[in-house]
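Undergrad:
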Amino acid sequence: MEGTTMSRIDLDSSFKYSRATTARDSADPNELLDSGIGFAQLGASAKDMTQLIAERLSAAEDISRTYSVHDRAAKILDDALDVAFENGWQPAELVHVIRQSAGGDGTVVIVEAIGAHAARSSADSVAPESWRDQLSELNVESAGGTSADRLRRWRSYNRRSSAQSWYTLLLVLGCATWLLPLETLLPPPNRWTTRTTPAGPRQAVDSKMLGRIRGLLAKAESTPFPAEAEAFSAKAQDLMTRYAIDSALLDAGNSRTLIDDVISRRIMVSNPYSKAKLLLLHSVCKANGARTVWKKKYLLATVIGLPVDLDLCELLYTSLLVQSARALDESGQSATSRTRSFRHAFLIAYAHRVGERLQDARTRATAAATRQHGSALVPIMAERSDAVDRAYAARYPSTKTIKFSSDNAQGWLAGRAAAERADLTGGRERIDKSDLAS
Numbered sequence: 002m003e004g005t006t007m008s009r010i011d012l013d014s015s016f017k018y019s020r021a022t023t024a025r026d027s028a029d030p031n032e033l034l035d036s037g038i039g040f041a042q043l044g045a046s047a048k049d050m051t052q053l054i055a056e057r058l059s060a061a062e063d064i065s066r067t068y069s070v071h072d073r074a075a076k077i078l079d080d081a082l083d084v085a086f087e088n089g090w091q092p093a094e095l096v097h098v099i100r101q102s103a104g105g106d107g108t109v110v111i112v113e114a115i116g117a118h119a120a121r122s123s124a125d126s127v128a129p130e131s132w133r134d135q136l137s138e139l140n141v142e143s144a145g146g147t148s149a150d151r152l153r154r155w156r157s158y159n160r161r162s163s164a165q166s167w168y169t170l171l172l173v174l175g176c177a178t179w180l181l182p183l184e185t186l187l188p189p190p191n192r193w194t195t196r197t198t199p200a201g202p203r204q205a206v207d208s209k210m211l212g213r214i215r216g217l218l219a220k221a222e223s224t225p226f227p228a229e230a231e232a233f234s235a236k237a238q239d240l241m242t243r244y245a246i247d248s249a250l251l252d253a254g255n256s257r258t259l260i261d262d263v264i265s266r267r268i269m270v271s272n273p274y275s276k277a278k279l280l281l282l283h284s285v286c287k288a289n290g291a292r293t294v295w296k297k298k299y300l301l302a303t304v305i306g307l308p309v310d311l312d313l314c315e316l317l318y319t320s321l322l323v324q325s326a327r328a329l330d331e332s333g334q335s336a337t338s339r340t341r342s343f344r345h346a347f348l349i350a351y352a353h354r355v356g357e358r359l360q361d362a363r364t365r366a367t368a369a370a371t372r373q374h375g376s377a378l379v380p381i382m383a384e385r386s387d388a389v390d391r392a393y394a395a396r397y398p399s400t401k402t403i404k405f406s407s408d409n410a411q412g413w414l415a416g417r418a419a420a421e422r423a424d425l426t427g428g429r430e431r432i433d434k435s436d437l438a439s
């Protein structure tokens, strides 16, 4: 899954690192820049050396040479983005991975670089809709000039010392020039035209329905009353299963092969407790006919399934993330419950128990639908499951199983208890029959 293909930028940077021990003693800003990028690519193990290079870059500054080395840094960053986007990366994913290595300041830098890329690639008019949505969510401005212009403005207004600014920039460059290729899920910029359209699914969840569900999810997530959440119980999974079954019945009359409709999406998983959050996502996907692949290096999860199922999975996962965080905060009154082992065990147990509840709800809903539609439903659902399994095996032949464990019994018990109270409906039981029919 990880792959071993390295970009030209990767190879260049590797060569630069081999010269780092001599370049770090140089006063030439361009040699220092090369050296700093090489150390930054090594991550936390070379943090002290990266900081030292940043301090030397700051000390070596004069007006003409500062502009020259900054322009070169901007060019390296532009080239890195071009390579990353052609190698399957998307804007939100790039920001996600830069945030992990370079923090909030690095996020500002990479968003500015993405803005410069959007301008030179005319992304606002020719990028796929999903790409443009990401630019909007990231507040990317394509009218801010070149990357060099943006870096100069950032250094002027970021209220950091010169050495701190250089350190942030080196971290961004180190990460951006050392990215492994990802599976291409959207057309990359070199394939954009004025007719570029997203490869949309044959059928997705009705937008009107999604709007209602999202509104109700917000209410469900904000309720302070566990009893109200308990009352919702497994109704959401029931509705999700029934909706998926209705979609399956509609798809059954189509002559296309179902495997052609199986898609992959990437979901960003954040720290802390990323593994517990991954387990929660896996539990939701497993109960809704989807599969999950984990790319630990970048905290990215790929989910594989039919479009309707993935839409519903994302909605429920997002809601349960909010609920689990709130439940964890409410349990954290004692010193014991504030320990990392307790919180990890809590979230692992929460995800396990939620998965069990979702599976039970899916089983009940499927049985009810079978009674309604008859035995013809069985092969239809089996075909959908088989299509997802075959697509998964073809696209990801080298995966291995991840094991989840915890060693804090108190946290485990508290997490399971919280999962019993979790609202699996997100308020969707309030959607009456007239809503479902509209």
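Read in order, the letters of the sequence shown are residues 2 to 439 in our numbering. No residue lacks a Cβ here, since even glycine has one placed at the ideal position from N, Cα and C.
How many Å lie between T1 and G412 at the Cα?
TA: Nothing about residue 1 can be reported from this structure: the residues present for the chain run from 2 to 439 only.
Undergrad: Around the Cβ of S137, are there at least 16 other Cβ atoms within 10 angstroms (buried) or fewer (exposed)?
TA: exposed
Undergrad: Could you work out which residue in P182, V110, E331 is closest to V173 when comparing CA atoms only?
TA: Nearest of P182, V110, E331 to V173, Cα basis: V110.
Undergrad: Within the same chain, show all residues whose beta-carbon is closer than 8 Å to that of E87, passing over the 5 residues directly before and after it, in chain order.
TA: Same-chain partners within the cutoff: P189, P190, N191.
Undergrad: Helix, strand or coil, according to DSSP, for V355 in the structure here?
TA: helix
Undergrad: Give a yes or no on contact between the stretch 304-311 and the stretch 365-380, applying the rule of three or more CB pairs nearer than 8 Å.
TA: no
Undergrad: So, with DSSP's three-state summary, where would you put S265?
TA: Of the three classes helix, strand and coil, the one that applies to S265 here is strand, per DSSP.
Undergrad: Run through DSSP, which three-state label would I381 get?
TA: helix
Undergrad: Going by DSSP, what residues sit across from W295 in a beta bridge?
TA: A302
Undergrad: If you run the structure through DSSP and keep just helix, strand and coil, what is K17?
TA: Summary for K17: the model assigns pLDDT 47, below 50, so the residue's position carries little reliability; its value from the coordinates is reported in the next sentence. Correct three-state label for K17: helix.
Undergrad: Taking the Cβ atom as the reference point for each residue, do L186 and S271 lie within a distance shorter than 8 Å?
TA: no
Undergrad: Return yes when the Cβ of L359 is within less than 8 Å of the Cβ of A302, no when it is not.
TA: no
Undergrad: What does the alpha-carbon distance come out to for the pair P398 and L414?
TA: 36 Å
Undergrad: Helix, strand or coil: how does DSSP classify D29 here?
TA: coil
Undergrad: Going straight from the alpha carbon of L95 to that of Q324, what length do you get?
TA: Their Cα atoms are separated by approximately 27 Å.
Undergrad: Spell out a yes or no on whether the stretch 56-63 and the stretch 100-110 are touching, meaning 3 or more CB-CB pairs, one atom from each, closer than 8 Å.
TA: no
Undergrad: Can you tell me the Cα-Cα spacing of V285 and I403, whole angstroms?
TA: Cα-Cα distance, rounded: 16 Å.
Undergrad: When we look at the beta-carbon of S122 and count the other beta-carbons within 10 Å, is it buried (16 or more) or exposed?
TA: Result: buried.
Undergrad: When the Cα atoms are used, what is the spatial distance from P202 to D262?
TA: At P202, the pLDDT of 46 sits below 50, so the modelled position is not reliable; the number obtained from the coordinates is stated separately. Distance between the alpha carbons of P202 and D262 is about 7 Å.
Undergrad: Tell me whether the beta-carbon of R156 lies closer than 8 Å to the beta-carbon of A249.
TA: no
Undergrad: So, V70 versus L34, is the Cβ gap smaller than 8 Å?
TA: yes
Undergrad: Ordered along the chain, which non-local residues of its own chain (more than five positions away) have a Cβ less than 6 Å from that of A419?
TA: A328, Y351
Undergrad: One question on the structure: do L175 and Q42 come within less than 8 Å of each other, judged by their Cβ atoms?
TA: Rather than Leu, the amino acid found at residue 175 in this sequence is Gly. Yes, they are a contact pair.
Undergrad: Which residue comes first and which comes last in the alpha helix (DSSP H) that contains L329?
TA: 308-332
Undergrad: Of the choices I54, I38, P92, whose alpha-carbon is the least far from that of A183?
TA: Looking at the sequence provided, one finds Leu at residue 183 rather than Ala. Out of I54, I38, P92, P92 has the C-alpha closest to the C-alpha of L183.
Undergrad: Mind checking which residues open and close the alpha helix (DSSP H) that includes R57?
TA: 48-60
Undergrad: Starting from the C-beta of Y18, find all residues in its chain whose C-beta is less than 6 Å away, skip the five residues before and the five after it, and write them out in chain order.
TA: The predicted position of Y18 is uncertain, since its pLDDT is 47 and thus under 50; a value taken from the coordinates is nonetheless stated next. Result list for Y18: G39, in chain order.
Undergrad: If you scan the stretch 107-145 from start to end, which runs of the alpha helix (DSSP H) of 4 or more residues do you find wholly inside it?
TA: Listed in chain order, the complete alpha helix (DSSP H) runs (minimum 4 residues) inside the stretch 107-145 are 124-127, 130-138.
Undergrad: Roughly how many angstroms separate the alpha carbons of T367 and G290, rounded to a whole number?
TA: Rounded to whole angstroms, T367 to G290 spans 12 Å at the Cα level.
Undergrad: How many angstroms separate the CA atom of L170 from the CA atom of I260?
TA: 44 Å
Undergrad: State the CB to CB distance for the pair V355 and L321, rounded to an integer number of angstroms; the pair is presumed to be in contact (CB under 8 Å).
TA: Correct: roughly 6 Å between the Cβ atoms.
Undergrad: Roughly how many angstroms lie between the CA atoms of E464 and R267, to the nearest whole one?
TA: There is no way to answer for residue 464, as the model of the chain reaches only from 2 to 439.
Undergrad: Out of H353, W179, A55, which one is the CA nearest neighbour of R417?
TA: The alpha carbon of R417 has as its nearest neighbour, out of H353, W179, A55, the alpha carbon of H353.
Undergrad: For the ligand SAM, any of its heavy atoms closer than 7 Å to the Cβ of L279?
TA: The ligand SAM is absent from the structure shown, which contains no ligand whatsoever.
Undergrad: Are there three or more Cβ pairs, one per stretch, closer than 8 Å when the stretch 146-166 is compared with the stretch 70-80?
TA: yes
Undergrad: Is Y299 buried or exposed, if buried means 16 or more other CB atoms sit within 10 Å of its CB?
TA: Y299 sits buried, since 16 or more C-beta atoms from the chains shown fall within 10 Å of its C-beta.
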